[in-house]
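Chains as they are written, first to last, in our numbering: chain H, 1 to 427; chain B, 428 to 724.
Just so it is clear, CB atoms sit at the ideal spot from N, CA and C, and this is done for glycine as well.
As the structure is a prediction and not an experimental result, all values here were calculated from the model.
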Amino acid sequence: MTSIKLYILVMLAVLLTGCADHERKLTFWIGGAPQEVDYWESLVDEFERTSGITVDLIRQPSSTDQRKQGLVISMAAEQPDPDVFLMDIVWLQQFFQSGWLQPLDPFWGRAGFSIAPFFRDVVDTVDRFAGHYYALPVFIDIGLLYYRKDLLNKYGYSGPPLTWRELLQQASEIQAGERSHNPGFNGFLWQGAQYEGLVCTFLEFSASNGGGIMLDGQVRLNRGANAVALGFMQDLIRKYGISPLNTYTDMREEEVRRAFQRGDALFERNWLYAWRLHQKNGSAVKGKIGMTALPQFEEGRSVAALGGWHIGISRHSDMPGRAWELVRYILSHSSQKKLVLNLGWYPGRSDIYTDPEVLKKMPYAGLLQEIFSRVVTRPNLPYYDQVSAVIQRAVNGCLAGKQPPDAALRRMQSEIDHIEDIYAKKK
Amino acid sequence: MKVVKDRYRPNEIRDAYLFLLPMLLFAVIFILLPVLGTLVTSLFREVSFLPSRFSGLDNYLRLTTDRHFWQSIRFTLLFVGVSVAAELFFGMVLALVLNESVPGRGFVRVAVLVPWAIPIAVSARMWELIFNFDYGVVNFIVLQLGLADAPINWLGSATGAFGAIVISDVWKTTPFMTIILLAGLAAIPQDLYKQAMVDGTTFIQRFFYITLPLLRPVLVVALLFRTIDAVRIFDLIYVLTGGGPGGGTTSLSLYAFKYYTSGDFGYGSAISLVVFLVAGLLAVFYIRITGFREVVK
């Protein structure tokens, strides 16, 4: 008999360990680079002091894919935590349509909150779903061309290129000249590895030739303008050689930024965040660079891919009222101003860009305002992940020389048609 | 069963079952239920942004026409074949060497284990740096030796990336093979070798007629573990190539994972179940061809 008692005791001990009750706290999931995490920590500290609400700040990994994976698992399991979280702009449709988000507009009336200061184009395109706002932009990002002023001057150019042809011409000449003493020098660096960033660069090249991914609400990739643009991307690496061979394997944002910052490139396509890092002490290009809109093809127009992170409240949150308090605090004028001043990032509120204190720190605000008006967005589809995977694979394969541009585009279109057959039905 | 009943008292048998129960429960809760759950999910259209409904074998039918799925099966099987064979070869060589009494054997045995002790994500990052286009040591050596005029983009071609993944995996898991085989070697009575030497056999003969047959049970276990592990390969590829270039190194697990993140749990589950089936079939195959059951008896 004693063995049975012992057995039950041991089993109970095993079962009961770890069943501690959790204190209910508002949970906010964040992630990203260390300086971003620091920003959130200090902001949440202030919020706790002023509001008396305790916040559990959970750090997610810095990789965007892993952040999404963590959120998808919690949401699909209908967990009460996290209450508040950040979302990459391209997740929004999936999150709305999966019913994982609460509409935010019902909170506005009693809180005296207004959506007017936010960039209208952004919130109405990506945050509104079935007449309600389910998310709001915390910061926005766009693709830009960074250039070396000193090198352009040295070779007698008065300014950065307006068209891709000019870029090619300047880059070819300067690369040839610079390589005599710096063999690792490249004309133009951009994101070409097989990952989400490649969809953004592809979108920019194709839209700057009058093409693009979507046409009249449908995915329409197999267009002449896209074939020319994709052919040009391939040629930059394989024919003209002004972009290095590892563009399609290694080049993500940070690889591109570090190489440009070492002084090993003339032009760089990157997001806004790179500016501040390039201008830091210790950067080889500090004070030698400029930033401008991306070039265009002769027939097209200059565009910029839109990125950024949006904030939302979980449908399964056990404290939506307090969650909204936090969201409102994060989106307030003063917090968004801190975002620019401390982090050098770009808030989703347009009224920050006219603030005198901000303008002093950001003399190029006028340029940004102008570029913000011609952003292009990636497709707003709940099955965007699959569409993106097809584009990444085919464009990357084309850059690797595995297939010509028109074949790559035909393949993308037929694969995406197939994906739509599976996911676009409503029943 | 009869033997057991004769040898033990009834309450002893009952106690024995009670003490086995936690292990059985563990197997049911953590192994059987998840597999069944995955099977059930795979029979539904379980997409986060669409209403859930039973769809029978739709997800499996979709697999049959999915080019990327077949590509990932081919890649996974090729990877399993090449890497497990290489691990077996190097593991055997290392085990034979370490089994001889050479000076500093204890130190070498520990040193051999080091790769096994490093987390996969860390070693994958390390190999990524080694194969790096700009500052990787492989390109440095190749250029210094004059084997190529320009740096080679190792991770940029399907073959190069495949080679890099296999090398990283072999480096990381050969120690596992070595340790298991070493334990097997230690269990072979030395008398047999002495006797064989008296008979004037060569080293090769002793290896094929004594070592290999007596090592067979241990060998099958080691191969089984490594093969099942290799079929599930995920983390190394996730960090080293992310499945590129052009999807050329996407393993089955990585392919399933991509569908989980995009919210299609049904299709992801169907792919996961294929991983399970492939691993299961390979295990059965090993046990069959090696006559493992008889050996154990």
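For residue j and residue i, the rounded distance between their alpha carbons
i: H/K425; j: B/L466; result: 24 angstroms
i: H/P363; j: H/I142; result: 17 angstroms
i: H/T163; j: B/L704; result: 54 angstroms
i: H/D250; j: H/Q413; result: 26 angstroms
i: H/F499; j: H/V395; result: No answer is possible for residue 499 of chain H: the residues shown for chain H start at 1 and end at 427.
i: B/M450; j: B/A443; result: 12 angstroms
i: H/S114; j: H/Y353; result: 17 angstroms
i: H/P404; j: H/G224; result: 13 angstroms
i: H/I237; j: H/V199; result: 17 angstroms
i: B/S499; j: H/Q392; result: 17 angstroms
i: H/F139; j: H/L343; result: 11 angstroms
i: H/L230; j: H/K68; result: 29 angstroms
i: H/A135; j: H/F129; result: 9 angstroms
i: B/V511; j: H/A323; result: 51 angstroms
i: H/E204; j: H/Q261; result: 23 angstroms
i: B/L525; j: B/I660; result: 28 angstroms
7 angstroms Cβ cut-off: residues of chain H touching residue i
i: B/N580; result: L245, N246 and T249
i: B/F476; result: Q94, Q97, S98 and P382
For residue i, the three-state DSSP class (helix, strand or coil)
i: H/G429; result: Given that chain H is displayed from residue 1 to residue 427, the structure contains no residue 429 of chain H and the question cannot be resolved.
i: H/P363; result: coil
i: H/D56; result: strand
i: H/A265; result: strand
i: H/Y240; result: coil
i: H/W271; result: strand
i: H/L331; result: helix
i: B/F560; result: coil
i: B/G464; result: helix
i: H/T163; result: strand
i: H/H181; result: coil
i: H/W100; result: coil
i: H/Q66; result: helix
i: H/R345; result: Here residue 345 of chain H turns out to be Trp, not Arg, going by the sequence shown. Coil.
i: H/L374; result: According to the sequence displayed, residue 374 of chain H carries Arg and not Leu. H/R374 falls in the coil class under three-state DSSP.
i: H/H132; result: strand
i: B/F634; result: helix
i: H/I142; result: strand
i: B/S689; result: coil
i: B/T600; result: helix
Residue i classed as buried or exposed, judged by whether at least 16 other C-beta atoms fall within 10 angstroms
i: H/N281; result: exposed
i: B/P602; result: buried
i: H/M87; result: buried
i: B/F630; result: exposed
i: B/A591; result: buried
i: B/Y636; result: exposed
i: H/K239; result: exposed
i: H/H310; result: buried
i: H/D216; result: exposed
i: H/W100; result: buried
i: B/P461; result: exposed
i: B/G439; result: With the sequence shown as reference, residue 439 of chain B is identified as Glu, and Gly is not the correct amino acid for it. B/E439 should be labelled exposed.
i: B/E527; result: exposed
i: B/A548; result: exposed
i: H/S158; result: exposed
i: B/K432; result: exposed
i: H/R411; result: buried
i: H/R328; result: buried
i: H/K286; result: exposed
Residues that residue i contacts on chain H, provided the C-beta gap is smaller than 8 angstroms
i: B/T688; result: D65, K68, Q69, V72 and D385
i: B/F692; result: A76
i: B/K685; result: D385 and A389
Chain H residues whose Cβ lies nearer than 9 angstroms to that of residue i
i: B/F502; result: The contacting residues do not exist; B/F502 stays about 14 angstroms from chain H at best.
i: B/G583; result: L245, N246, Y248, T249, D250 and A400
i: B/F560; result: P244, L245, N246, T249 and D250
Chain B contact residues for residue i, given Cβ-Cβ distances below 9 angstroms
i: H/N396; result: G671, P672, G673 and G674
i: H/Y423; result: V474, F476, L477 and D691
Where residue i meets chain B, residues with beta-carbon distance less than 7 angstroms
i: H/A176; result: Ordered by position in chain B, no residue passes the 7 angstroms Cβ test against H/A176, which lies about 16 angstroms from the chain.
i: H/A225; result: Per Cβ cutoff of 7 angstroms: no residues; H/A225 is ~23 angstroms from chain B at best.
Contacts of residue i in chain B (Cβ-Cβ under 8 angstroms)
i: H/Q194; result: G669, G670, G671, P672, G673 and G674
Would you mind listing the alpha helix (DSSP H) stretches within the segment 436-519 of chain B that are 4+ residues and don't spill past its ends, in chain order?
-> 437-454, 460-469 and 485-492
4-residue-minimum alpha helix (DSSP H) runs that sit fully inside the segment 185-261 of chain H, ordered along the chain | Under the rule that a run must span 4 or more residues, the alpha helix (DSSP H) segments found entirely inside the segment 185-261 of chain H read 196-207, 224-238, 247-250 and 253-261.
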